[in-house]
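Quick notes on the structure that follows.
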Amino acid sequence: MLKEDFIKEKNLLLEKDRNESFDGEAYKNHSLEEEFANAILQENKEKDLKMFKELSEAPFSAIHFSEIKKFVEGKNSYLLNSITALPKGIIHHCHIDALVDAKWIIEKVISSDTLYLKFIGDSSMDNLNVADFQFFKDGINETQKQEGWLHVKDVRNQYKKGTAAFDQWLYECFTIVPTNKEDIVYTENEIWDRFSRTFISIRGIFSYVPFTKLYVEEIIKRYSKKDLQQVEIRIPYYEPYDDTGIIEFSKMFGELVKTIEENQEKLNLVGDDYFELKFIISPVRNTKQEEMVKIMNITAELFKKYPKYVVGFDMVGHEHLMTLEAHIDSLLNFKKQQKKLGIDIPFYFHAGETTDSGSATDKNLFDAVILDTKRIGHGYSLSRHLPTLGPIIKEKEMCLEISPISNQYLGLVKDMKNHPIIIFLKNNIPVSVSPDDPSLYGYEGSTYDFYMLFMSFENFDLWTLKQLCINSIKYGSFTKEYSKEEMLKVWEKKWESWIKKIISNNKDIIMTN
1 MLKEDFIKEK NLLLEKDRNE SFDGEAYKNH SLEEEFANAI LQENKEKDLK
51 MFKELSEAPF SAIHFSEIKK FVEGKNSYLL NSITALPKGI IHHCHIDALV
101 DAKWIIEKVI SSDTLYLKFI GDSSMDNLNV ADFQFFKDGI NETQKQEGWL
151 HVKDVRNQYK KGTAAFDQWL YECFTIVPTN KEDIVYTENE IWDRFSRTFI
201 SIRGIFSYVP FTKLYVEEII KRYSKKDLQQ VEIRIPYYEP YDDTGIIEFS
251 KMFGELVKTI EENQEKLNLV GDDYFELKFI ISPVRNTKQE EMVKIMNITA
301 ELFKKYPKYV VGFDMVGHEH LMTLEAHIDS LLNFKKQQKK LGIDIPFYFH
351 AGETTDSGSA TDKNLFDAVI LDTKRIGHGY SLSRHLPTLG PIIKEKEMCL
401 EISPISNQYL GLVKDMKNHP IIIFLKNNIP VSVSPDDPSL YGYEGSTYDF
451 YMLFMSFENF DLWTLKQLCI NSIKYGSFTK EYSKEEMLKV WEKKWESWIK
501 KIISNNKDII MTN
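Going by full-length UniProt numbering, the sequence shown opens with residue 1, and the numbers climb by one from there.
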């Protein structure tokens, strides 16, 4: 073989590899403007990679996100600013009680006259650890005092280390952001213990309906400004309460719908500014069978009553707790019940969020596929089952909802370059990018998830971003009020505007190249 033949064959294979990749269509049909914009983004990727050498000698992909965020926030990165403005379409995977910055929650907590806390375990005024929170509009009675309930304002004012230290403790209750590098935890089980504790702390605050409504209002205000058109939210089944006591979940959900519609009208979120919230009812996976059946019935009722807002069903919580197979009888009966009611509620199952290989937890991925899930939450372990499950997932177009920062935080991957997303993309598995529980990790929206991937993989380029955003719409949940085609048209306009902005901000660079 001659050297020129070797080079020719290599170039042909590389071109084939590029064109047949998941973003091959976007690449083959790209415009000259997109080519310019891509060159600018790639140049700025190199700048940022050099910049991060100030932080660590380790490759960017191996630095923990908490360190990256702390460092890049003060650097005015052009690439990060560009990805912030990227029109991202839809977020497929996030949890309602982990979307708004914890600092906003803390402001509400410390300013409330009706919020109380009760220390759990070895926690006390001298040893702040885990606490339950609850609102009592008329204060607490003697019995509740005996149970250990204390006014949050009193505890804060009396805390011997001062109010700032108390507020920091609250931040640690509502997030798993490490205080310093030494606190970073990578083991899956250890971090899940800490992760679960945050939901204990926020549960009593979030379950209070007046707070929930304020929180949802804040989601709309913040996320409608993040170049998103829709957010599909996992909402757990829980016992909501208001000033009259515990109320039905269905009643609370009706209040949320009212809040959404009022805020859409107030913020004029229509036309090109359209922004919508959708909900996937998601009980905890180790819920008892009888209770799970009840929740399924409530989901069916809500799906019929609010078809614009309730779009699916899932089960949440650490997959080690219980598999989908453990609920197989209830799930199959649920599908039969839907047929009788003339409805079809899609499944959006969490599955494969594990580093296990061959365990019951790992096999949960098989359960989700057999049950015909519409999308797969995480699907991290799919890389070990590609020959078997890959063709089925591709044929049925089951999109993987990938959350890279969450996967790093929860101990699945230490170095982002080892994330299996690149394997999925190269095998044309449908993929979208979502933040999962961003406020628990110290951020909001999905910008940082896109940034982490773009910076970690050499072959992530403008067309990778484009196809991921298109996928978010292609595999989104739609109802008759607003179609996929309508959203895609608006997104295309936003995309073109984004490209033009990158070029107009960098005319000097284009002229010199």
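Where a beta carbon is used, it is the ideal one built from N, C-alpha and C, also for glycine.
The continuous beta strand (DSSP E) containing I90 extends over residues G89 to H95. Judged by DSSP in its simplified three-state form, T354 adopts coil rather than helix or strand.
Under the DSSP assignment, D132 falls in the beta strand (DSSP E) whose first and last residues are V130 to F135.
Sequence-distant Cβ neighbours of P307 in its own chain, meaning closer than 7 Å and more than five residues away, are T479. DSSP, read as helix, strand or coil, puts D436 in strand. In the DSSP assignment, L32 is bridged to no other residue. Around the C-beta of D344, fewer than 16 other C-beta atoms lie within 10 Å, and the residue is accordingly described as exposed. Taking 8 Å as the cut-off, the beta carbon of I90 is found closer than this to the beta carbon of E232.
Within the same chain, and ignoring the five residues on either side of R197 in sequence, the residues whose Cβ sits closer than 6 Å to its Cβ are V130.
Annotation: the continuous alpha helix (DSSP H) that includes G254 extends over F249 to K266.
N418 has its alpha-carbon roughly 30 Å from the corresponding atom of F6.
In chain order, E218 place their CB closer than 7 Å to the CB of W104, counting only its own chain and leaving out the 5 sequence neighbours on each side. Pairing G352 with I376 gives a Cβ-Cβ distance under 8 Å.
By the Cβ rule, the region 9 to 27 counts as touching the region 458 to 478, because three or more pairs are nearer than 8 Å. A Cβ-Cβ separation of about 5 Å places L412 in contact with Y380 under the 8 Å criterion. According to DSSP, V310 shares a beta bridge with F279. Contact check for A98 against L440 passes: the beta carbons are separated by less than 8 Å. About 5 Å separates the CB atoms of L79 and D48; that is less than 8 Å, so the two are in contact. Per DSSP, reduced to three states, the secondary structure at K118 is strand.
Around the beta carbon of A37, 16 or more other beta carbons sit within 10 angstroms, so the residue counts as buried. When the alpha-carbon of L170 is set against those of I260, G254 and D132, the nearest one is in D132.
Excluding its 5 nearest sequence neighbours in each direction, T361 has C-beta neighbours in its own chain below 8 Å: E319, H320, T323 and T354, listed in chain order. Per DSSP, G411 has no beta-bridge partner at all. The three-state secondary structure of R222, taken from DSSP, is helix. When the five nearest sequence neighbours on each side are left out, the beta carbons in the same chain lying within less than 8 Å of the beta carbon of S201 are those of V130, A131, D132, F133, C173 and F174, in order along the chain. Of the candidates F457, E458 and V490, V490 places its Cα closest to the Cα of I473.
In this structure, the alpha-carbon of F347 lies about 41 Å from that of E147.
In the DSSP assignment, R203 falls within the unbroken alpha helix (DSSP H) covering E188 to F206. In the DSSP assignment, I376 falls within the unbroken beta strand (DSSP E) covering R375 to H378. DSSP places H327 in the helix class (H, G or I) of the three-state scheme. The alpha-carbon separation between T388 and E395 amounts to approximately 12 Å. CA-to-CA, the gap between S282 and L13 works out to about 45 Å. Going by DSSP, R234 is part of the beta strand (DSSP E) stretching over L228 to I235. Note on geometry: alpha-carbon atoms of F206 and T212 lie some 6 Å from one another.
In the structure shown, the three-state DSSP call for Y482 is strand. For V431, the secondary structure class from DSSP, reduced to helix, strand or coil, is strand.
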